[in-house]
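S.K.:
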Amino acid sequence: MDKEHPIVEAVFAAKTDSARADGLIRDCLPFIRGQASRFLGRPCTDQDDEYSIALIAFHEAIQNYSRMRGPFLRYAALTIRSRLIDHQRREKRHRGQISLFAPRDEEDGRTLADTLPEDRDRFAEAETREATRREIEELATVLQRFGASFSDIADNCPRQQRTLEACGQAVRYAAAHPDLLEELLRTGRLPLARLAEGSGIARKTLERHRRYLLAMLLIQTNGYEIIRGHLHRVLKRGEEATA
Amino acid sequence: MKYIVLERHPGYVVVLDEEGRFLKAADRQYQVGQQLDAILPMRPPRRRGRAILFPALTAAACLVLLALSAVRMAQIPYASVYMTINPQVRIDVNRRDTVLTVEGTNPDGEVLTEGYEGRGKELEQVMDELTDRAVEMGWLHPGGQITLTLDAEDGDWVAAHSDSLPAHLNEYLSETLQVTIRVDGGETGGQEAAIPVGPPPTAVPTATPTAAPTAVPTPVPAGDSGYGDSAYGSSETQGDSGYTAATAPPQDSGYGEGDSGYETPAPPEQDSGYDSPEPAEDSGYEDSAYDSE
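Just so you know, the protein sequences line up as chains A and B, in that order.
When the letters of the first sequence are read in order and numbered with the numbering used here, they come out as residues 398 to 640.
When the letters of the second sequence are read in order and numbered with the numbering used here, they come out as residues 127 to 419.
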């Protein structure tokens with residue numbers, strides 16, 4: 398057999414290891430930018446939507462690649478190109494509308510958006526964002542102790558609505574029983590058996606989304622008020638059910 | 127739907143939506159903690175693409191076909207055992223000696239198999255049970271005989287069973303009664319093995335149907351009482367008599383074209399000549415055989 402291109406090995410390693418995926422993407426940034434520029438017909442900047450789409454398409458290509466699909470880079474180029482075409486078609490319907498951020502034809506360089514009355518409190522917004530960022534960093538640190546990252550959790554997240562709701566039910570049960578959360582923090586293990594028994598969700602379902610549940614349960618512990626506020630829909634559904 | 131940016135990677139960001147989904151999305155220069163109104167989500171990896179599905183389906187289809195053919199194979203008669211006591215039954219078995227049908231092939235056999243369900247049992251078990259029934263119904267006595275005729279395309283099968291089946295039956299019956307068991311190989315094997323059971327006394331009928339009727343079919347002037355006048359003589363009117371006359375030139379040579387000669391000489395009285403001392407010219411046919419009876 399012919400010797401495989403070294404990138405193929407890197408791609409297969411990156412499928413399961415998000416850190417290595419990041420490394421591979423970093424290594425291939427010029428290639429990705431090149432593909433986006435070729436599509437645009439002009440040099441592509443970091444601010445271009447096409448650039449971020451090309452990046453995510455490259456990541457998809459890593460996830461979906463198999464040896465049957467031929468050389469990796471050719472496959473990645475194809476994926477990027479088709480994803481950009483999709484994006485272009487989607488954007489077509491906004492054509493003919495004026496962008497808020499397009500410069501007005503006055504000389505002061507103000508944009509249309511600048512003429513709109515400001516109803517947002519930018520300072521409060523920035524403050525909230527900062528608080529949120531601190532919460533997220535804290536959560537990431539705790540997760541790291543459990544050997545997980547947000548990227549892993551995204552990979553482990555339920556995709557079907559039904560499964561998502563089942564997991565939500567388990568989370569609500571845990572939120573209503575703080576001793577479960579204490580047990581999680583104390584032992585560092587998910588109390589899956591009690592969770593399954595108490596919430597009535599099949600243990601197999603919970604097992605399959607173990608890491609996702611870990612993150613969701615950790616969010617229910619103290620100190621993540623903003624994230625919990627963001628997730629109020631998930632938690633409120635439980636209150637509706639119990640009421 | 128609102129999203130919070132949780133983590134930034136070189137190629138994407140991880141966001142959390144309001145329903146508790148963690149999603150990967152395109153990174154448009156976001157910041158961690160930023161709230162978004164819309165994202166461009168990454169498409170989840172196709173876990174089972176067509177590339178895997180197609181061979182999997184093919185393999186599954188093959189398996190189903192194999193299983194079906196195996197089931198069908200089990201239903202195809204592979205060999206038949208004819209068990210004759212006086213009732214005769216035919217037992218059809220598949221390749222694994224599991225009985226498919228049990229059928230009486232003569233009236234007694236039908237009586238024997240009436241109400242008996244042998245399907246799915248082992249061949250030997252069915253033979254045992256049928257023998258038991260035969261004993262119960264009074265067809266099989268001590269000293270009786272059971273003939274097994276094995277009929278199969280596969281010579282090996284016949285060879286293997288022509289020993290094992292009588293051995294088994296002997297063993298099974300030795301507790302209750304002594305019988306003789308014969309095996310013959312049916313159409314293919316052709317082997318006729320007489321297997322007498324342990325103690326000798328009941329070996330009688332084994333030898334019987336041997337060479338006896340070999341020479342039979344000759345309507346020849348064997349010239350003896352057996353053919354006596356009565357048969358031939360009575361028919362005065364028939365030209366048969368001429369037959370005998372024709373014998374005068376004794377050798378059968380006349381036989382071949384005989385017919386012609388048949389009609390011509392028709393003097394009716396010649397019977398006497400029939401009885402009359404046939405000269406030994408017929409010698410070709412051994413009188414002796416008949417005389418013995």
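Note that CB positions come from ideal geometry on N, CA and C, so glycine has one too.
The model shown is predicted, which means the values in this text are computed figures rather than measured ones.
Using the beta-carbon of each residue, which ones in chain D are nearer than 7 Å to L132 (chain B)?
M.R.: Protein chains in the displayed structure are A and B, and chain D is not among them.
S.K.: Interface residues of chain A around R147 (chain B) at Cβ under 7 Å?
M.R.: For the purposes of this step, residue 147 (chain B) is taken as the residue at position 21 of the second sequence. The contacting residues are C554, L561.
S.K.: Select from the stretch 151-170 of chain B all residues with a C-beta closer than 9 Å to any C-beta belonging to chain A, and list them in chain order.
M.R.: For the stretch 151-170 of chain B, which is checked against every Cβ of chain A, the residues closer than 9 Å are A151, A152, D153, R154, Q155, Q157, V158, G159, Q160, Q161, L166, P167, M168, R169, P170.
S.K.: Check whether chain A comes within 8 Å of L179 (chain B), counting only Cβ atoms and requiring the distance to be less than that.
M.R.: Along the second sequence, read from residue 1 onward, the residue named residue 179 (chain B) stands at position 53. No, L179 (chain B) does not count as interfacial toward chain A.
S.K.: Rounded to a whole number of angstroms, what is the C-alpha to C-alpha distance between Q432 (chain A) and R439 (chain A)?
M.R.: On the first sequence, position 35 is the one that residue 432 (chain A) refers to. On the first sequence, position 42 is the one that residue 439 (chain A) refers to. Cα to Cα, Q432 (chain A) sits roughly 11 Å from R439 (chain A).
S.K.: Are the beta-carbon atoms belonging to A424 (chain B) and L166 (chain B) less than 8 Å from one another?
M.R.: Because chain B here runs from 127 to 419, residue 424 (chain B) falls outside it and cannot be looked at.
S.K.: Using a 10 Å radius around the Cβ and a threshold of 16 neighbouring Cβ atoms, would you call V116 (chain B) buried or exposed?
M.R.: For residue 116 (chain B) there is no data in the structure shown, the boundaries of chain B being 127 and 419.
S.K.: When you compare each of B:H135, B:G146, B:V228 to I616 (chain A) by their alpha carbons, which one comes out closest?
M.R.: Against the first sequence, residue 616 (chain A) aligns to sequence position 219. Closest option to I616 (chain A), Cα to Cα, is B:G146.
S.K.: DSSP state of P136 (chain B), grouped into three classes?
M.R.: Numbered from its first residue, the second sequence carries residue 136 (chain B) at position 10. P136 (chain B) falls in the coil class under three-state DSSP.
S.K.: Excluding the five sequence neighbours on either side, which residues of its own chain have a C-beta within less than 8 Å of the C-beta of I598 (chain A), listed in chain order?
M.R.: Looking up residue 598 (chain A) in the first sequence gives position 201. Excluding residues within five positions, the ones whose Cβ falls inside 8 Å are A563, C564, Q566, A567, L592.
S.K.: Going by DSSP, what residues sit across from V197 (chain B) in a beta bridge?
M.R.: The residue you call residue 197 (chain B) lines up with position 71 of the second sequence. Answer by DSSP bridge pairing: none, since V197 (chain B) is not bridged.
S.K.: Kindly indicate the opening and closing residues of the alpha helix (DSSP H) around G498 (chain A).
M.R.: Here residue 498 (chain A) is taken as the residue at index 101 of the first sequence, counted from 1. Reading off the sequence shown, one finds Phe at residue 498 (chain A), where the question assumed Gly. From DSSP, F498 (chain A) is part of no alpha helix (DSSP H); its letter is neither H nor E.
S.K.: Check whether the stretch 188-202 of chain B touches the stretch 233-250 of chain B, counting contact only when three or more Cβ pairs, one atom from each stretch, lie closer than 8 Å.
M.R.: Verdict: no, contact absent.
S.K.: Quick one: what's got a C-beta closer than 8 Å to I623 (chain A)'s C-beta in the same chain, skipping five residues either side?
M.R.: Taking the first residue of the first sequence as 1, we reach residue 623 (chain A) at position 226. Around I623 (chain A): T525, A528, T529, E532.
S.K.: Express the C-alpha separation of T184 (chain B) and A205 (chain B) in angstroms, rounding to a whole number.
M.R.: For the purposes of this step, residue 205 (chain B) is identified with residue 79 of the second sequence, where counting begins at 1. For the purposes of this step, residue 184 (chain B) is identified with residue 58 of the second sequence, where counting begins at 1. Between A205 (chain B) and T184 (chain B), the C-alpha separation is close to 34 Å.
S.K.: Please list, in chain order, the residues of the stretch 435-450 of chain A that have any C-beta partner in chain B closer than 8 Å.
M.R.: Taking 8 Å as the Cβ-Cβ cut-off against chain B, the residues of the stretch 435-450 of chain A that qualify are D443, Q444, D446, S449, I450.
S.K.: Helix, strand or coil for R216 (chain B) per DSSP?
M.R.: By 1-based counting over the second sequence, the position of residue 216 (chain B) is 90. R216 (chain B): strand per DSSP, three-state reduction.
S.K.: Let me know the secondary structure DSSP gives S206 (chain B) once reduced to three states.
M.R.: The residue labelled residue 206 (chain B) in the question sits at position 80 within the second sequence. The answer is strand: DSSP assigns S206 (chain B) an E or B state.
S.K.: Please tell me whether A571 (chain A) and L614 (chain A) are closer than 8 Å, where the distance is taken between their beta carbons.
M.R.: The count along the first sequence starts at 1 and reaches residue 571 (chain A) at position 174. The count along the first sequence starts at 1 and reaches residue 614 (chain A) at position 217. Cβ atoms of A571 (chain A) and L614 (chain A): closer than 8 Å.
S.K.: Beta-carbon within less than 7 Å of L589 (chain A)'s beta-carbon, same chain only, minus the 5 sequence neighbours each way: which residues are those?
M.R.: Residue 589 (chain A) sits at position 192 when you count from the first residue of the first sequence. Counting only Cβ-Cβ distances below 7 Å, and skipping sequence neighbours, we find R600, L603, E604.
S.K.: Does the beta carbon of Y138 (chain B) come closer than 8 Å to any beta carbon on chain A?
M.R.: The residue labelled residue 138 (chain B) in the question sits at position 12 within the second sequence. Chain A, which has a Cβ nearer than 8 Å to the Cβ of Y138 (chain B), makes this yes.
S.K.: Check this for me: beta carbons of F428 (chain A) and L475 (chain A), under 8 Å apart or not?
M.R.: Working through the first sequence from its first residue, we reach residue 428 (chain A) at position 31. Working through the first sequence from its first residue, we reach residue 475 (chain A) at position 78. Not closer than 8 Å, so no.
S.K.: Just confirm the distance between the C-beta atoms of W126 (chain B) and P213 (chain B), as a whole number of angstroms; I'd bet it's less than 8 Å.
M.R.: The question about residue 126 (chain B) has no answer, for chain B in this structure spans 127 to 419.
S.K.: Using the Cα positions of G244 (chain B) and V252 (chain B), report the straight-line distance between them to the nearest angstrom.
M.R.: The residue labelled residue 244 (chain B) in the question sits at position 118 within the second sequence. The residue labelled residue 252 (chain B) in the question sits at position 126 within the second sequence. Distance between the alpha carbons of G244 (chain B) and V252 (chain B): 6 Å.
S.K.: Is A599 (chain A) close to chain B? Criterion is C-beta to C-beta, closer than 8 Å.
M.R.: Taking the first residue of the first sequence as 1, we reach residue 599 (chain A) at position 202. With 8 Å as the cut-off, A599 (chain A) does not count as an interface residue toward chain B.
S.K.: Would E279 (chain B) pass as an interface residue toward chain A - the criterion being a Cβ-Cβ separation below 8 Å?
M.R.: As a working mapping, residue 279 (chain B) is identified with position 153 in the second sequence. By this cut-off, E279 (chain B) is not an interface position.
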